[in-house]
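Novice:
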Amino acid sequence: MSDVTSAAAPAPSDFIRDIVAQHVAENRYAKIVTRFPPEPNGYLHIGHAKSICLNFGIAREHQGQCNLRFDDTNPVKEDIEYVQSITTDVQWLIAGWADHCLGFKPKGAHPAKVTSNGQPDYYLAPVAPGAGSEAFFASDYFDQLYDYAIELIRRGKAYVCDLSPEDTEKYRGAPDRPGQDSPFRNRSVAENLDLFQRMKAGEFPDGARSLRSKIDMASPNMWLRDPLLYRIRHVAHHHAGDKWCIYPLYDYAHCLSDYLEGITHSICTLEFVDHRPLYDWVLESLGLPRTLPHQYEFAKLNLAYTLVSKRKLLQLVNEKVVTGWDDPRMPTISGLRRRGIPASALRTFVTGVGVTKFDSLTEAAVFENAVRNDLNAVAQRRLAVLKPIKLVLTNIAAGEVIECDATNNPQDENPTTRKVALTREVFIEAEDFAEVPPPKYFRLKPGGEVRLKYACIIKLDELVKDAAGAITELRCTAQLDTRSGQPNADKKVKGTIHWVSATQCIEAEVRLYDRLFTVAEPAAEENFLKVVNPKSLEVVTAKLEASLAFARHGELYQFERLGYFTPDAKDSVPGKLILNRTITLKDTWAK
RNA sequence: UGCCCGAUGGUGUAAUGGUAGCACGAACGACUCUGACUCGUUCUGUCUAGGUUCGAGUCCUAGUCGGGCAGCCA
């Protein structure tokens with residue numbers, strides 16, 4: 003076992019895990035059950051990765067379970083495409099780490115009638131993912147939610163309101179000014195029951211009426227001023243079909259969904275702190291027979307030079323700033339995956355930033371460090387030249403091939419090797435030669451010596467220029483006795499550069515990605531589209547060592563001295579290789 | 001001029017009334033057939049003012065600063 007894998011990762015600790023640990027110590031719950039509840043209205047991004055790792059992490063630390071649940075109560079914004087991408091992304095992120103904690107439900111299952119503490123109750127039991135199972139959907143609870151709404155009306159805790167959306171807003175008041183009771187607030191239970199049933203039956207147009215909680219229009223907490231429970235929307239639902247024309251709102255549906263699934267800890271982001279009293283109000287108002295779930299909030303992830311807003315990411319997609327949600331420049335999980343970032347690196351990163359209630363901005367270097375650390379241990383080393391310049395080894399005959407052993411990964415305990423061909427003509431990186439070198443330049447310069455990695459030391463004898471004065475060829479002498487195993491193998495030179503044989507290489511398209519934005523906080527811009535980095539993608543035709551000919555998606559490479567690369571999942575095909583640069587190597591010289 | 005949440009080096013985070021630690025970063029150095037990796041040295045911190053206490057980053061009060069809340073979005 004390597005040092006990397008044997009070094010036990012420190013057990014994460016944060017204020018939410020402390021609370022859960024306390025509950026476990028108190029034996030408060032039979033099992034810890036969390037949930038990851040995305041709305042299927044966009045692709046998951048790196049901010050969601052933090053929430054996924056928190057929720058699944060807590061579940062795995064306590065032999066618990068974490069349900070994937072689609073919070074799909076607003077059909078006008080949601081789409082089946084997103085439920086598919088989200089399911090894929092979640093499973094990819096937790097694979098080999100917390101997949102045994104993932105809670106699904108039998109396909110098509112709805113909450114079942116059960117008896118809890120002698121009272122009638124509803125509960126939806128989880129199953130392991132697999133054939134015949136699917137994620138949970140809040141929309142599978144619409145029947146129960148409707149029944150619970152009836153119960154709220156019967157208890158005098160909800161009423162049908164005829165105020166228009168505009169008037170509802172006016173009656174709500176402002177943060178520093180109390181609202182006013184709706185004129186429909188004191189309807190009889192019978193009238194509310196009748197009206198709500200007719201809302202469900204489709205008798206009223208969108209926005210004509212709503213079902214509202216009856217709490218306190220003068221509350222200093224805006225979310226307690228009789229927030230809406232149901233609105234009328236005459237649209238079909240991507241999962242529930244066309245059965246409904248009234249749809250529950252988040253605050254009403256979420257807490258009850260948690261309850262129906264037996265969630266113990268409902269973890270969300272800080273903007274819901276103000277909603278917590280409402281979360282509790284709904285559950286407590288119904289006199290439910292089982293232990294109630296509780297909500298805990300943490301600060302969402304903010305990462306420098308990246309956007310974590312589904313709405314803005316959608317805009318980048320719609321305005322074709324990127325090629326799609328899974329463009330390798332996107333901070334979406336699918337984009338990061340396509341770029342070549344391992345799930346383990348993502349997990350290490352989001353776990354490392356911690357969980358607090360402080361609204362922070364994490365430096366890009368922290369993310370980059372996590373990616374490089376992860377990749378350094380596993381990426382196979384290869385030689386590739388991105389921007390070639392031809393170099394002729396004048397003392398090697400045309401047609402002669404000298405085989406050299408190249409190490410596949412020096413980080414391995416017992417590194418393996420492969421053969422690379424040294425020939426008379428090779429390509430080196432244009433950047434690795436300077437006719438007029440700056441101070442402390444270790445690479446090739448007129449009259450200078452440098453080592454061709456895994457081959458031998460060479461000396462630059464002559465520059466060949468075209469009519470315009472541009473250098474077309476570097477003519478060098480190969481010191482063949484400095485090859486590995488040869489008498490002068492230990493000869494030292496300051497610089498070692500990468501290269502590929504000009505006659506035994508393959509060509510490939512390589513996509514060089516850079517950060518998508520030019521400013522650290524694109525979200526703070528008046529118009530984030532104006533700070534898109536025009537150089538976020540550069541495409542080059544690179545020369546690769548021949549062994550890369552059959553490189554496939556999923557394989558992780560380090561091109562020595564350049565960075566980490568992986569074949570593109572969508573566009574790379576056998577015979578026409580296309581690679582994405584995941585990230586460069588750290589370069590302490592460039593600056 | 002309401003309510004809620006927060007504040008520890010440049011950044012992120014730990015310390016649960018008892019030695020302010022870790023990571024990233026930066027600088028310098030060692031090593032190097034990757035200017036990578038690795039290793040070494042150095043750098044910088046408890047928002048302010050009171051209070052409680054033998055002792056406060058931690059508890060209390062006030063202030064300052066930052067964030068959130070007036071969707072029939074989540």
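Here the first sequence is numbered in the working numbering, starting from 3 and rising by one per residue. All C-beta atoms in this analysis are idealised placements derived from N, C-alpha and C, irrespective of residue type, glycine included. Keep in mind it's a predicted model, so treat the numbers as computed, not measured.
Between the C-alpha atoms of serine 549 and serine 53, what's the straight-line distance to the nearest angstrom?
Specialist: So the alpha carbons of these two residues sit roughly 40 Å apart.
Novice: When the Cα atoms are used, what is the spatial distance from glutamine 86 to alanine 151?
Specialist: Distance between the alpha carbons of glutamine 86 and alanine 151 is about 30 Å.
Novice: Relative to the alpha-carbon of asparagine 223, which residue among Pro576, Arg235, His241, Arg278 has its alpha-carbon at the smallest distance?
Specialist: Comparing Cα-Cα distances from asparagine 223 to each of Pro576, Arg235, His241, Arg278, the minimum goes to Arg278.
Novice: Ordered along the chain, which non-local residues of its own chain (more than five positions away) have a Cβ less than 7 Å from that of leucine 226?
Specialist: Once the five neighbours on either side are set aside, the close Cβ partners of leucine 226 are Ile217, Asp218, Pro279, Leu280.
Novice: Give me the residue from Ala130, Ala220, Tyr232, Lys159 with the minimum Cα distance to proline 167.
Specialist: For the residues Ala130, Ala220, Tyr232, Lys159, the minimum Cα distance to proline 167 belongs to Tyr232.
Novice: Sorted by chain position, which residues of the same chain lie with C-beta nearer than 7 Å to valine 538's C-beta, five sequence neighbours on each side aside?
Specialist: According to the sequence shown, residue 538 is serine rather than valine. So the list reads Arg331, Tyr515, Asp516, Arg517, Leu518, once near-sequence residues are dropped.
Novice: Report all residues from its chain with a CB closer than 8 Å to the CB of alanine 551; omit the five preceding and five following residues, and keep chain order.
Specialist: Counting only Cβ-Cβ distances below 8 Å, and skipping sequence neighbours, we find Ile508, Leu579.
Novice: Compute the distance between the beta-carbons of leucine 294 and threonine 364, then report whether it is under 7 Å.
Specialist: Contact: no.
Novice: Alpha carbon to alpha carbon, what distance is there between aspartate 463 and threonine 474?
Specialist: Each residue's alpha carbon lies about 14 Å from the other.
Novice: What separation, rounded to the nearest whole angstrom, lies between the Cα atoms of aspartate 145 and alanine 379?
Specialist: Using only the alpha carbons, I get a separation of about 51 Å.
Novice: Can you name, in chain order, every residue of its own chain whose Cβ lies under 7 Å from the Cβ of isoleucine 88, other than the five neighbours on each side?
Specialist: These residues qualify, in order along the chain: Pro40, Pro42, Leu46.
Novice: Roughly how many angstroms lie between the CA atoms of valine 521 and tyrosine 307, to the nearest whole one?
Specialist: About 6 Å.
Novice: Can you grab the Cα-Cα spacing for the pair asparagine 545 / arginine 339, in whole Å?
Specialist: Checking the sequence shown, residue 545 turns out to be lysine, not asparagine. Approximately 25 Å, taken between the alpha carbons.
Novice: What does arginine 477 pair with, by DSSP beta-bridge criteria?
Specialist: According to DSSP, arginine 477 bridges with Val394, Glu464.
Novice: Sorted by chain position, which residues of the same chain lie with C-beta nearer than 6 Å to leucine 395's C-beta, five sequence neighbours on each side aside?
Specialist: Only Arg426, Cys478, Ala480 meet the Cβ criterion.
Novice: Note down the Cα distance separating aspartate 276 from tyrosine 298, rounded to an integer number of angstroms.
Specialist: Going by the C-alpha atoms only, they are around 11 Å apart.
Novice: Between Val575, Thr266, Glu286, which has its C-alpha nearest histidine 64's C-alpha?
Specialist: Closest by alpha carbon: Thr266.
Novice: Please list, in chain order, all residues of the same chain as threonine 590 whose beta carbon is under 7 Å from its beta carbon, the five residues on each side excluded.
Specialist: Excluding positions up to five away in sequence, the list is empty.
Novice: So what does DSSP say about glycine 497, is it helix, strand or coil?
Specialist: Glycine 497: coil per DSSP, three-state reduction.
Novice: Pairs of beta-carbons, one from the segment 127 to 142 and one from the segment 236 to 246, closer than 8 Å: are there three or more?
Specialist: Enough Cβ pairs lie closer than 8 Å, so yes.
Novice: Let's test the definition: count the other Cβ atoms within 10 Å of the Cβ of alanine 9 and tell me whether it reaches 16, buried, or not, exposed.
Specialist: With a pLDDT of only 41 at alanine 9, under 50, the local geometry of the prediction cannot be trusted, and no value is derived from it.
Novice: Residues bridged to cysteine 458 by DSSP?
Specialist: DSSP output for cysteine 458 lists no bridge partner at all.
Novice: Comparing C-alpha positions only, which one of Gly356, Asp361, Thr419, Glu540 sits nearest to isoleucine 18?
Specialist: Closest by alpha carbon: Gly356.
Novice: Three or more C-beta pairs under 8 Å: does that hold for the segment 192 to 211 against the segment 103 to 116?
Specialist: No, the segment 192 to 211 is not in contact with the segment 103 to 116.
Novice: I'd like the ranges of any beta strand (DSSP E) spanning at least 3 consecutive residues and lying wholly in the segment 179 to 266.
Specialist: Whole beta strand (DSSP E) segments, 3+ residues: 212 to 215, 230 to 234, 248 to 250.
Novice: Please go through the same chain and pick out, in chain order, the residues whose beta-carbon is closer than 6 Å to the beta-carbon of threonine 7, but skip the five residues on each side of it.
Specialist: Here threonine 7 scores only 36 on pLDDT, less than 50, and its place in the model should not be relied on; the value that follows carries that caveat. Here the set comprises nothing.
Novice: Give the single residue among Gly337, Leu303, Thr409, Val352 whose Cα lies nearest to the Cα of aspartate 361.
Specialist: Checking every option, the nearest Cα to that of aspartate 361 belongs to Leu303.
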